[in-house]
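Position in the sequence shown (from 1) plus 3 gives the number in the numbering used here. Beta carbons: idealized from backbone N, C-alpha and C, even for Gly.
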Amino acid sequence: MSRELVLKLKTDKNLKDEELLTLLKTDEVDQFLRQEADLVRRKIYGNKVYIRGLIEISNYCKNNCLYCGIRGENFGVTRYRLTKEEILSACEMGYALGFRTFVMQGGEDPYFTDDIICDIVKEIRKRFADCAITLSLGEKTKEAYEMFFKAGANRYLLRHEAADFNLYSKLHPKKMSLESRKKCLFDLKEIGYQVGSGFMVGAPFQTLENIICDLRFLQALNPDMIGIGPYISHSQTPFKEYKNGETKLTLRLISILRLMFPHSLIPATTALGTNSENGREQGIMAGANVVMPNLSPENVRSLYEIYENKLTVGAESAQELDKLKKCMKDIGYEVVVDIGNVKR
Ligand code: 5AD
Numbered sequence: 004m005s006r007e008l009v010l011k012l013k014t015d016k017n018l019k020d021e022e023l024l025t026l027l028k029t030d031e032v033d034q035f036l037r038q039e040a041d042l043v044r045r046k047i048y049g050n051k052v053y054i055r056g057l058i059e060i061s062n063y064c065k066n067n068c069l070y071c072g073i074r075g076e077n078f079g080v081t082r083y084r085l086t087k088e089e090i091l092s093a094c095e096m097g098y099a100l101g102f103r104t105f106v107m108q109g110g111e112d113p114y115f116t117d118d119i120i121c122d123i124v125k126e127i128r129k130r131f132a133d134c135a136i137t138l139s140l141g142e143k144t145k146e147a148y149e150m151f152f153k154a155g156a157n158r159y160l161l162r163h164e165a166a167d168f169n170l171y172s173k174l175h176p177k178k179m180s181l182e183s184r185k186k187c188l189f190d191l192k193e194i195g196y197q198v199g200s201g202f203m204v205g206a207p208f209q210t211l212e213n214i215i216c217d218l219r220f221l222q223a224l225n226p227d228m229i230g231i232g233p234y235i236s237h238s239q240t241p242f243k244e245y246k247n248g249e250t251k252l253t254l255r256l257i258s259i260l261r262l263m264f265p266h267s268l269i270p271a272t273t274a275l276g277t278n279s280e281n282g283r284e285q286g287i288m289a290g291a292n293v294v295m296p297n298l299s300p301e302n303v304r305s306l307y308e309i310y311e312n313k314l315t316v317g318a319e320s321a322q323e324l325d326k327l328k329k330c331m332k333d334i335g336y337e338v339v340v341d342i343g344n345v346k347r
């Protein structure tokens, strides 16, 4: 019965809510689901794994998302921001290692004004003409997104976090709204960015019905990239008592996403790698095709602690790309030097 659902999802790229619910609940088809997702991914992307160099430019944040370790009101965090020179030398190091996508990610740090961001993007664009520049800097005005795009940014990552109105408001302070998040995402698409969205799996209060709502939102947005990872608790947040999301459900969802969005770029996230041993490898085998090793200067890596015990070493470190290559090779995949654009 559930096998039929997998095949139906593969051909129709869609299922009814109650069918999705059944798939989300059953573990007996996991192996079959994973196999089918892997077949789809291999048909489109082969066994290639795209890499992105993640540069965490600032852990200052004006927001107060209740789950996040670098929320503004966590006064226990040692705050840092990178200089333009530090960002550029991270790119330089990354380029030499074989990275052709740089992701500038950060909290919503008022220091990084739209002009400052543009200036940095222009410089990266000038020096690394054959690379993609991805920004992940939160909610901005449409004008700002347009400026960054003109300056040379190509992609933007902004997880919607929760498409269910009630859940969104439980996870975020009153100041933030799902409407505004959605508007940003559609603005980004309209401007012409390759857009990435996503959500946490097993966030406090999240139900399977909420996850279906997330899938429906993703169908409406039709993003180029979809990042999901398990929620991981942080002791200096209001959610410190809540348990971590499950690796198993995250993997199941990666496979479901691959079948629903065959062409999408799906990372095996650091959270997945942190939550369980071999999480990253399992993510790739479940249908993911992107890994985002950390390219930030080593002295700040441990400070970008959105959740506890976040992996920054070994295959998560850009400098240790050889380790990642080996991990991927051992399971039958190949890390490539490639800009890694979405195939449509
Ligand atoms: N656990 C897992 N993921 C988290 N994120 C933020 N805090 C946590 C946490 N405690 C995710 C959010 C954000 C992305 C960069 O990291 O979904 O968009």
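Per DSSP, ARG55 is not a residue of any alpha helix (DSSP H), being assigned neither H nor E.
Counting only the Cα atoms, PHE115 lies some 28 angstroms from ALA271.
When beta bridges are read from the DSSP output, SER200 appears opposite ILE229. For GLY286, the secondary structure class from DSSP, reduced to helix, strand or coil, is helix. For ALA135, the uninterrupted beta strand (DSSP E) run begins and ends at 135-139, by DSSP. Judged by the Cβ position, ALA274 qualifies as a neighbour of ligand 1 at the 8 angstroms threshold, a heavy atom of the ligand being closer than this. Contact check for MET263 against LEU12 passes: the beta carbons are separated by less than 9 angstroms. According to the DSSP assignment, VAL9 belongs to the alpha helix (DSSP H) that extends over 5-15. In the structure shown, the three-state DSSP call for LEU191 is helix.
Listed in chain order, the alpha helix (DSSP H) elements of length 4 or more contained wholly in the stretch 243-294 are 250-263, 273-278 and 282-288. Remark: the C-beta of MET179 is outside contact range of ligand 1, defined as less than 8 angstroms to any heavy atom. The beta carbon of TYR234 sits closer than 8 angstroms to at least one heavy atom of ligand 1. DSSP, reduced to helix, strand and coil, places SER92 within a helical segment of the structure shown. Collapsing the DSSP output to three states places GLN239 in coil.
The secondary-structure analysis by DSSP pairs MET150 with nothing; it has no beta-bridge partner. Nearest Cα to TYR336 within the set LEU327, ILE214 and ILE342: LEU327. Under the 8 angstroms Cβ criterion, the stretch 268-283 does not count as touching the stretch 105-119, having fewer than three qualifying pairs. When the alpha-carbon of PRO113 is set against those of TYR83, CYS94 and ILE215, the nearest one is in TYR83. For GLU337, the enclosing beta strand (DSSP E) starts and ends at 337-339.
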